[in-house]
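Okay, so here's the structure we're looking at.
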Amino acid sequence: MPTILITGANRGLGLEFARQYAAEGWRVLATVRDPSKGRAVSEAGAEVHLCDVADFGSVARLESTLKGVSLDILLNNAGVYGEHQDFGSLDADEFLRVMRVNALAPLKVAEAFANHLTGRKIIAAVSSKMGSISDSNSGGSYAYRASKSALNMLIRTLAVDLAGRGVTTVALSPGWVRTDMGGPSAPLDAASAVAGLCKVLEGLKPADSGGFFHWDGSRVPW
Ligand SMILES: NC(=O)c1ccc[n+]([C@@H]2O[C@H](COP(=O)([O-])OP(=O)(O)OC[C@H]3O[C@@H](n4cnc5c(N)ncnc54)[C@H](OP(=O)(O)O)[C@@H]3O)[C@@H](O)[C@H]2O)c1
Numbered sequence: 003m004p005t006i007l008i009t010g011a012n013r014g015l016g017l018e019f020a021r022q023y024a025a026e027g028w029r030v031l032a033t034v035r036d037p038s039k040g041r042a043v044s045e046a047g048a049e050v051h052l053c054d055v056a057d058f059g060s061v062a063r064l065e066s067t068l069k070g071v072s073l074d075i076l077l078n079n080a081g082v083y084g085e086h087q088d089f090g091s092l093d094a095d096e097f098l099r100v101m102r103v104n105a106l107a108p109l110k111v112a113e114a115f116a117n118h119l120t121g122r123k124i125i126a127a128v129s130s131k132m133g134s135i136s137d138s139n140s141g142g143s144y145a146y147r148a149s150k151s152a153l154n155m156l157i158r159t160l161a162v163d164l165a166g167r168g169v170t171t172v173a174l175s176p177g178w179v180r181t182d183m184g185g186p187s188a189p190l191d192a193a194s195a196v197a198g199l200c201k202v203l204e205g206l207k208p209a210d211s212g213g214f215f216h217w218d219g220s221r222v223p224w
């Protein structure tokens, strides 16, 4: 049975990824920060594990719990938007928190689980078009944008470092989606965005490693 590990899977896109992979017959290992919030993803058919990705001790404990478990896909989905990040009112600690969760944590999770990869051998990270430097014309959201740009670079660098092990690493853009983060005005529903991204993951070839893919399968400019 193919296996996927999904971080931040108690709500939003992570929960929808868990639902869709479980419905396709995958073994889904879903992480939540708060055990009391694991019910929906457990009911979707996933095995629920605890992990705060910003706490690297928590990441190490998860790896230890899953020792010997093989993963086809490691999906770094957990992320935060952050507050107080407009020019003139930047909060430095908040900036660093967003960078830690969105950029550094996926790298630490990849370090912890790279040796678990087998079969498809994919490391994916849910990034954002807001991290695209060439597509950035709207200003604001300094921490979020910078964290996703950093994540994109980390994914591309991992692609080089892990090529010898046959690992394919990609950054994913879900579009603007109706979740707690995306808000009610977003044009896309989570089911459509995730269905598109699952199709992207399904069709990945080794030559795609280091790429940045939108949910509709198109490439996102860096
Ligand atoms: N929605 C959009 O329009 C959109 C667009 C582009 C990219 N994205 C990206 O897609 C991913 C999922 O976003 P979403 O829209 O589903 O957001 P969401 O509804 O706010 O859900 C975020 C998830 O991340 C988890 N999380 C946050 N900090 C964490 C930490 N330190 N450790 C472990 N889990 C943590 C949350 O857990 P708790 O419930 O415990 O907080 C929650 O499960 C994020 O990386 C986001 O940046 C979203």
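Positions in the sequence shown are counted from 1; adding 2 to them yields my numbering.
Using N, Cα and C, we set each Cβ at its ideal position, and we do this for glycine too.
Since the model is a prediction, treat every value here as computed from it, not as a measurement.
Let me check understanding here. Comparing Cα to Cα, which of 26, 3, 149 lies closest to residue 83?
149
Taking Cβ positions, are residue 124 and residue 112 nearer each other than 8 angstroms?
no
Exposed or buried, what is residue 98 when buried is set at 16 or more other beta-carbons lying within 10 Å of its beta-carbon?
exposed
Nearer than 7 angstroms: is that true of the beta carbon of residue 53 relative to any heavy atom of ligand 2?
Within the structure as shown, ligand 2 is missing, the only ligands being ligand 1.
Using 7 angstroms as the cut-off, classify the Cβ of residue 41 as near or not near the heavy atoms of ligand 1, replying yes or no.
no
Who are the near neighbours of residue 85 in its chain, counting only those whose CB is closer than 8 angstroms to its CB and skipping five residues on each side?
Taking residue 85 as the centre and dropping the five residues before and after it, the same chain places the C-beta of 93, 96 closer than 8 angstroms to its C-beta, in chain order.
Taking all protein chains shown into account, do 16 or more other C-beta atoms lie within 10 angstroms of the C-beta of residue 90, making it buried, or fewer, making it exposed?
exposed
Any beta carbon from chain B within less than 8 angstroms of residue 91's own beta carbon?
Of the chains in the structure shown, none is chain B; there is only one protein chain.
Would you grab the beta carbon distance between residue 156 and residue 206 for me? Rounded to a whole angstrom, and I think it's under 8 angstroms.
Not confirmed; about 18 angstroms, so no contact.
State the beta-bridge partners of residue 124 as determined by DSSP.
75, 170
Do you know offhand how far residue 183's Cα is from residue 133's?
15 angstroms
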